[in-house]
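**Q** Before I ask anything, let me first share the structure, which is written out below as structure tokens.
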Amino acid sequence: MPPLATSPRTVDRPLVGVVSDRFFVGDHDLHSVKESYRRALAAVSLVTPILIPAAEDIDDVAPYLDAVSGLLFPGGASNVAPAQYGGDEPAAFLIDPARDHVALQLLRGGAARGMPMLAICRGFQEMNVAFGGTLHPNIYDAGHDTEHREDPNESMAERYRYKHSVTLAPDGLLRDWTRADTAVVNSLHMQGIRTLGRGCSIEARHGDGLIEAIRLDGQPFAVGVQWHPEVTAAVDSLSQSLFTRFGDACRHYANSAGQR
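The sequence shown runs 1053 to 1312 under our numbering.
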């Protein structure tokens, strides 16, 4: 008797890869991601986050892409090295070459597969650079508003407070989700988009013209924001939308694997 046919198992909480930072604490070389990202993914996206290491000897990201159903590119203490986007400015800030190396590969590989991707702060800048865009190494030197600035002397709660508003693009996803023309956000950063990457569309801008959110066209879900929705995912409607819709996209990706 032939074996009984079985239905494919539904994946309720798919694996989502989170790109780690790499840095030293004393003599120890560590890979890490802030707890706020893990918590937002687990509690709001309802997915299972796992760390993807940042290492310059990773030249094939396919095994990581095979294992996950979505990618989160978080913020970090470092900035994207100017050399990654053709800049010749000296890196007058902390850089993380290992993360640049892995994150840019993952962004291009994830896009080639139509994998859901959410990019935040540094990750937002990586998304732009991965597709040919450039950055201002220092937005304040470029004349942008000081509202974006982080003050390290403030408490964490003060640093991540709502700091300014952004205008949502009339034809954008964020405008469609919120039915609002503006949103108040908690962005704090030094780098920012100078020229937009290929295939990227603007989702939001600050009043000084700086791009604060983008999407990658032709993708089921590939959104980048300059601010920090992971901090407010439990209380803010736009932040919740970003994480819940990302989680839904990851579930759809995981459960349609047999159709790709």
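All residues carry an ideal CB built from backbone N, CA and C; glycine is no exception. Remember, it's a predicted structure, so these values are computed and weren't measured experimentally.
At the level of alpha carbons, what is the spacing between Ala-1361 and Val-1070?
**A** A query on residue 1361 cannot be resolved here, the shown segment of the chain reaching from 1053 to 1312 and no further.
**Q** By a C-beta neighbour count over all protein chains shown, 10 Å radius and 16 as the cutoff for buried, is Ala-1114 buried or exposed?
**A** Within the sequence shown, residue 1114 is the residue found at index 62, counting from 1. So Ala-1114 counts as exposed.
**Q** On the criterion of 16 or more Cβ atoms from any shown chain inside 10 Å, does Tyr-1116 qualify as buried, or is it exposed?
**A** The residue labelled residue 1116 in the question sits at position 64 within the sequence shown. With 16 or more Cβ atoms within 10 Å of its Cβ, Tyr-1116 is classed as buried.
**Q** Sorted by chain position, which residues of the same chain lie with C-beta nearer than 6 Å to Gly-1128's C-beta, five sequence neighbours on each side aside?
**A** Taking the sequence shown and counting its residues from 1, the one referred to as residue 1128 is at position 76. Contacts found: Asp-1073, Arg-1174.
**Q** Please state if the CB of Val-1154 and the CB of Ala-1286 are separated by a distance shorter than 8 Å.
**A** As a position in the sequence shown, residue 1286 is number 234, starting the count at 1. As a position in the sequence shown, residue 1154 is number 102, starting the count at 1. No, these two residues do not count as a Cβ contact at 8 Å.
**Q** Which whole runs of the alpha helix (DSSP H) in the segment 1104-1143 are 4 residues long or more, in chain order?
**A** 1114-1119
**Q** Kindly confirm or deny that the segment 1273-1293 and the segment 1075-1082 touch, where touching means at least three C-beta pairs closer than 8 Å.
**A** no
**Q** Where does the unbroken alpha helix (DSSP H) through Phe-1076 begin, and where does it stop?
**A** As a position in the sequence shown, residue 1076 is number 24, starting the count at 1. Not the alpha helix (DSSP H): Phe-1076 falls in the beta strand (DSSP E), residues 1073-1077.
**Q** Who are the near neighbours of Ala-1306 in its chain, counting only those whose CB is closer than 7 Å to its CB and skipping five residues on each side?
**A** One-based indexing of the sequence shown puts residue 1306 at position 254. Counting only Cβ-Cβ distances below 7 Å, and skipping sequence neighbours, we find Val-1063, Pro-1066, Ser-1121.
**Q** Would you please state the rounded distance, in angstroms, between the beta carbons of Gly-1166 and Gln-1271? I believe it to be under 8 Å.
**A** If you number the sequence shown from 1, residue 1166 lands on position 114. If you number the sequence shown from 1, residue 1271 lands on position 219. 6 Å between Cβ atoms; contact.
**Q** Counting along the chain, where does the alpha helix (DSSP H) carrying Cys-1302 start and finish?
**A** Looking up residue 1302 in the sequence shown gives position 250. Boundaries of the alpha helix (DSSP H) around Cys-1302: 1289-1307.
**Q** According to DSSP, Val-1085 sits in a beta bridge with which residue or residues?
**A** Taking the first residue of the sequence shown as 1, we reach residue 1085 at position 33. Val-1085 is not bridged to any residue.
**Q** Answer yes or no: do Ile-1172 and His-1280 have a C-beta to C-beta separation smaller than 8 Å?
**A** The count along the sequence shown starts at 1 and reaches residue 1172 at position 120. The count along the sequence shown starts at 1 and reaches residue 1280 at position 228. Yes. Within cutoff.
**Q** Starting from the Cα of Cys-1252, find the closest Cα among Ala-1182, His-1241, Gly-1259, Gln-1292 and give me that residue.
**A** The residue given as residue 1252 occupies position 200 in the sequence shown. Checking every option, the nearest Cα to that of Cys-1252 belongs to Ala-1182.
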